[in-house]
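I have placed the structure first, in the form of structure tokens, so that the comments after it can refer back to it.
In the numbering used here, the protein residues as written are 18 to 113.
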């Protein structure tokens with residue numbers, strides 16, 4: 018299966034935002050990472066086989082540096098399908 022491009026909009030919360038930010042900076046050099054009231058607001062593009070796989074790999078990597086990390090994410094595919102996750106769990110899928 019060919020990789021698809023996804024647009025990520027996420028809120029990452031953690032007990033150690035500095036460590037988590039360093040991981041995000043490595044992943045999203047061309048994206049936007051800003052301090053938010055409840056964590057870090059992330060907006061970036063990623064290529065991968067599926068939104069589920071991208072979300073899983075990102076959260077797993079963040080939790081390697083800080084276990085108390087959670088992510089509320091929305092992945093929009095090239096065809097306009099939106100996938101909403103809370104941590105590893107897919108909460109909703111819909112078309113724009």
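Every residue gets a Cβ at the ideal spot worked out from N, C-alpha and C, and that includes glycine.
By the 10 Å Cβ neighbour count, where 16 or more other Cβ atoms means buried, how is residue i classified, buried or exposed?
{"i": "residue 77", "result": "exposed"}
{"i": "residue 75", "result": "buried"}
Identify which residue in the options has its Cα closest to the Cα of residue i.
{"i": "residue 112", "options": "65, 54, 91, 60", "result": "91"}
{"i": "residue 79", "options": "19, 24, 34", "result": "34"}
{"i": "residue 98", "options": "42, 84, 46, 110", "result": "110"}
{"i": "residue 73", "options": "104, 108, 19, 49", "result": "104"}
In whole angstroms, what is the alpha-carbon distance linking residue i and residue j?
{"i": "residue 31", "j": "residue 68", "result": "22 Å"}
{"i": "residue 40", "j": "residue 101", "result": "22 Å"}
{"i": "residue 65", "j": "residue 82", "result": "22 Å"}
{"i": "residue 51", "j": "residue 60", "result": "9 Å"}
{"i": "residue 44", "j": "residue 62", "result": "10 Å"}
{"i": "residue 57", "j": "residue 28", "result": "6 Å"}
{"i": "residue 42", "j": "residue 88", "result": "16 Å"}
{"i": "residue 93", "j": "residue 24", "result": "5 Å"}
In this structure, how does DSSP classify residue i when only helix, strand and coil are distinguished?
{"i": "residue 67", "result": "coil"}
{"i": "residue 54", "result": "coil"}
{"i": "residue 78", "result": "helix"}
{"i": "residue 112", "result": "strand"}
{"i": "residue 42", "result": "helix"}
{"i": "residue 36", "result": "helix"}
Report yes if the C-beta distance between residue i and residue j is below 7 Å; otherwise report no.
{"i": "residue 86", "j": "residue 26", "result": "no"}
{"i": "residue 95", "j": "residue 22", "result": "yes"}
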